[in-house]
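Enquirer: Dropping the structure in here first, questions after.
Numbering (the working numbering), first residue to last: 544 to 714.
In structure tokens:
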């Protein structure tokens, strides 16, 4: 799979200027705890100030047509990060794009006309279970336990070297 940031949006080319913008926007929507589509479905991210900073520093801007939006160029983001590239945020957004592609999840981000919604109809639930995926694809049995909003996915070799401090937060 190849990610081309300047390619046309796959979800809504009228709303997103390019695939990079779409990727940041859909990840932001997926992480939004108030989004009705995803509010009861956790999403794992490393607990890390760098991850948080890089994901929130990139600003959305409205295009001249006042319909589509884009995100600021990477050079502007680098200035805000004091010369550092947002490589962690880019990696996360590209990974999320790949998950959407592989598991046909783009349909959950397609724009629709709310007037066509039936008031008694609940939003469609995601049919992707990350624990099941880890088991089926990699033979990994995740040990997920909750502790003050942080879910520990168990200890691995990397955790032992850092004293087991690594965890994941589900947003």
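Even glycine gets a Cβ: it sits at the ideal position worked out from N, Cα and C.
Taking the continuous beta strand (DSSP E) assigned at residue 639, which residues delimit it?
Expert: Per DSSP, residue 639 belongs to no beta strand (DSSP E); it is in the alpha helix (DSSP H), 630-645.
Enquirer: With C-beta atoms as the reference, is residue 623 less than 9 Å away from residue 594?
Expert: Result no, Cβ atoms of residue 623 and residue 594 do not sit closer than 9 Å.
Enquirer: Given that a residue counts as buried once 16 or more other Cβ atoms are within 10 Å of its Cβ, and exposed if not, what is residue 552?
Expert: Counting Cβ neighbours within 10 Å, residue 552 comes out buried, since at least 16 surround it.
Enquirer: Who are the near neighbours of residue 615 in its chain, counting only those whose CB is closer than 7 Å to its CB and skipping five residues on each side?
Expert: Closer than 7 Å at the Cβ level, and outside the excluded window around residue 615, lie 601, 602, 604.
Enquirer: Since residue 614 sits in a beta bridge, which residues does DSSP pair it with?
Expert: Note: residue 614 sits in a beta bridge opposite 603.
Enquirer: Who are the Cβ neighbours of residue 644 in its own chain at under 7 Å, not counting the five residues just before and after it?
Expert: Counting only Cβ-Cβ distances below 7 Å, and skipping sequence neighbours, we find 544.
Enquirer: Grab me the residues of residue 621's own chain with a C-beta within less than 8 Å of its C-beta, minus the 5 sequence neighbours each way, in chain order.
Expert: Result list for residue 621: 627, 628, 629, in chain order.
Enquirer: Using a 10 Å radius around the Cβ and a threshold of 16 neighbouring Cβ atoms, would you call residue 618 buried or exposed?
Expert: Per the 10 Å Cβ criterion, exposed.
Enquirer: Within 10 Å of its beta-carbon, does residue 675 have 16 or more other beta-carbons around it, so buried, or fewer, so exposed?
Expert: Counting Cβ neighbours within 10 Å, residue 675 comes out exposed, since fewer than 16 surround it.
Enquirer: Alpha carbon to alpha carbon, how far is residue 558 from residue 625?
Expert: So the two alpha carbons sit approximately 30 Å from each other.
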